[in-house]
Amino acid sequence: MIRFNHVNKRYPGGYQALKNVTFDIAKGEMVFVTGHSGAGKSTLLKLIAAIERPNLGSVIVNNQNVGVLKERAIPYLRRNLGIIFQDHKLLFDRNVYDNVMLPLQICGFDYRESHKRVRAALDKVGLLNREKSNPVALSGGEQQRLCIARAIVNRPTILLADEPTGNLDTEYAHEIMAIFKSFHQVGVTLLISTHDESILQDTDERVLALKHGELQTASTGPGNT
Amino acid sequence: MRHALSQITGVLRRMFASRLAGFLSILVIGIALSLPAGMYVMLQNAQGLVAQLSGTPQISLFMHKDAKEEDADKLRKLLEQHPDIDRVEFVPRDQALEQIKKSTGLSDVIGSLQQNPLPDAFIVYPRHGEAQALDKLRNELAKLPKVELAQLDSAWAYKLQALLNFGRMVVFILASLLSLALIAITFNTIRLQILTQRDEIEVARLIGATNGFIRRPFLYFGAMQGLLGGIMAWLIISLSLLLLNWQLDALSQLYASQSSLHLLSPGDSLTLLLFSMYLGWLGAWLSVARHLSQNETH
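If you read the sequences in order, they're chains V and P.
Under the working numbering, think of the first position of the first sequence as 213, with each following residue one higher.
Under the working numbering, think of the first position of the second sequence as 22, with each following residue one higher.
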């Protein structure tokens, strides 16, 4: 589903974020990316969504070489991805409902069908009773769940989450992880970056550990040989 | 469909959110457009007047005052057989006097005359309209017997026509420059709009919005602003013409004749609105295109 082949990413200014990274994620797998801050976790996720492009090597998503994708093909790649951003990227000029509606508007979804989907997504993350609120009025955990609702409303096959439990206390973090696990159970491919070791303790999923842009454990998941 | 509708209502909401700023841009666009469009209307009016005055070119032949009816008959036959003359109209001196009485409002003055000072006259309609041919014909007719004077009526009209062409060029240059100004105004308003909606654009791009999707509301906005600016220009022109006509009426009464300026024709009005709408759209397009090209991933 997602394959990195000897990927190097250097930012303008010379900072080397990723060095010769190679891995493979099978369909339906749930994989964690760990490492200290600045290890290249965010960069790795950004390369998958073509927010950044690699300098060397290839990033293959759904049999597409994302690194050389034409500018006008990128939107259609992103519509198949659900992305949960580290800084949330919620829009505070509209309510919770309209925030979740945005991806469907972008895809030009049928209005009545999208109404159902928005409510279903909000229900999934437990925010259905807050649909009229402004995101500003939500707590940190609720904002995070709103991000998740927006990422899944499109029913993507791949979900990318950048530090989804970043600033949350343990109880909220476990809530969020439970939501991710339920997606994993219905066959969504998940890639979650985190520096929170406590999350990893009660999971037996594969972990990609990054250190200074290099992959530490070249582990193979259950879907690969 | 509902999404497009919600985009349009979003555009309108944004437009009315900054009421004063929006109104000012529309006013500026309106004034910028009303200058060339107003000049165009005045030219159209002048053009109408010239056409009315000159129409097809004519040569007036005035006979000697002592010419008799037989002389007039003879001359008429001669003229009717001339290969370069289309038709001839005879204006007896009495009829000419009546006409002047009616059309100039100088009836009091003319009524006080003891005798008719006017000669018999022919109005000659030439077959060819070129200035040279007309001149040649005029010279020829002037030499005919019992002809006092042959006058080419449209000579001054040609000069006026040339002047109008000059005016039209001025309007064209002015319109081109102010169109650029209009594009620049829209470019700038849209640029400010984009700045206030940076977050929304960024998020939309990150979750799969095409450039077209991002562009659309701004294009609506630009076109809408252009259209409203066009309507503003139309109002400015129409109101100005009504005011001018009001003054012209008073003037006309003094000269005992009827004249008034025509307003923009429906066709010209539509052209004005569509054109300003298009320019607004273009300004918006350029502005968004610039923003999008600055934010491509590398």
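Every residue, glycine too, gets a C-beta built ideally from N, C-alpha and C.
Is residue i close to chain P? Criterion is C-beta to C-beta, closer than 8 Å.
i, result
"V/ILE214", "no"
"V/TYR288", "yes"
"V/LEU314", "yes"
"V/LEU372", "no"
"V/ASN436", "For V/ASN436, the predicted model reports a pLDDT of 39, less than 50, meaning its position is unreliable and no value from the coordinates is stated."
"V/GLY433", "For V/GLY433, the pLDDT reaches just 44, beneath the cut-off of 50, and the residue's location in the model is therefore unreliable, leaving the point undetermined."
"V/LYS253", "no"
"V/LEU303", "yes"
"V/ALA430", "For V/ALA430, the pLDDT reaches just 49, beneath the cut-off of 50, and the residue's location in the model is therefore unreliable, although a value from the coordinates is still provided. No, V/ALA430 does not count as interfacial toward chain P."
"V/ARG291", "yes"
"V/ILE318", "yes"
Helix, strand or coil for residue i? Go by DSSP, reduced to three states.
i, result
"V/VAL278", "helix"
"P/PRO147", "strand"
"V/MET213", "coil"
"V/SER254", "helix"
"V/THR437", "With a pLDDT of 36 at V/THR437, under the threshold of 50, the modelled position of that residue is not reliable, and the figure given next carries that caveat. Coil."
"P/LEU82", "strand"
"V/ILE272", "strand"
"P/GLU101", "helix"
"P/LEU26", "helix"
"P/GLU169", "strand"
"P/LEU134", "coil"
"V/ALA285", "helix"
"V/HIS396", "helix"
"P/SER124", "helix"
"V/ARG265", "coil"
"P/ALA230", "coil"
"P/ALA38", "helix"
"V/ASP408", "coil"
Could you tell me whether any Cβ in chain V is nearer than 8 Å to the Cβ of residue i?
i, result
"P/THR292", "no"
"P/PHE234", "yes"
"P/LEU265", "no"
"P/VAL191", "no"
"P/ALA310", "no"
"P/VAL224", "yes"
Quickly, what does DSSP pair residue i with across the bridge? List them, please.
i, result
"V/VAL243", "V/LEU403, V/ARG418"
"V/LEU371", "V/GLY294, V/LEU402"
"V/LYS221", "V/LEU230"
"P/PHE111", "P/PHE143"
"V/ILE237", "V/ILE214"
"P/ILE106", "P/PRO147"
"V/GLU426", "V/LYS423"
Could you give the distance in angstroms between the alpha-carbon of residue i and the alpha-carbon of residue j?
i, j, result
"V/LEU412", "V/ALA385", "11 Å"
"P/PRO147", "P/LEU264", "41 Å"
"V/PRO434", "V/ARG215", "For V/PRO434, the predicted model reports a pLDDT of 44, less than 50, meaning its position is unreliable; a value from the coordinates is still stated below. Rounded to whole angstroms, V/PRO434 to V/ARG215 spans 15 Å at the Cα level."
"V/HIS327", "V/LEU358", "16 Å"
"V/LYS253", "V/PRO287", "22 Å"
"P/ALA154", "P/GLU169", "21 Å"
"P/GLU221", "V/LEU303", "7 Å"
"P/PHE143", "P/PHE83", "7 Å"
"P/VAL109", "P/VAL62", "35 Å"
"V/LEU372", "V/PHE392", "11 Å"
"P/VAL224", "V/PRO315", "10 Å"
"P/HIS312", "P/TYR179", "52 Å"
"P/LEU162", "P/LEU70", "28 Å"
"P/LYS95", "P/VAL112", "15 Å"
Please give the ranges of any alpha helix (DSSP H) in the region 234-317 of chain P, keeping only runs that are unbroken, at least 4 residues long and fully inside the region. Secondary structure remark: continuous alpha helix (DSSP H) runs of at least 4 residues inside the region 234-317 of chain P, in chain order: 287-315.
Runs of 4 residues minimum, wholly inside the region 171-224 of chain P: which ones carry the alpha helix (DSSP H) assignment? If we require 4 residues or more, the alpha helix (DSSP H) runs fully inside the region 171-224 of chain P come out as 176-217.
Enumerated in chain order, which unbroken segments of the beta strand (DSSP E) with a length of 3 residues or greater are wholly contained in the region 303-388 of chain V? The region 303-388 of chain V contains these whole beta strand (DSSP E) runs: 370-374.
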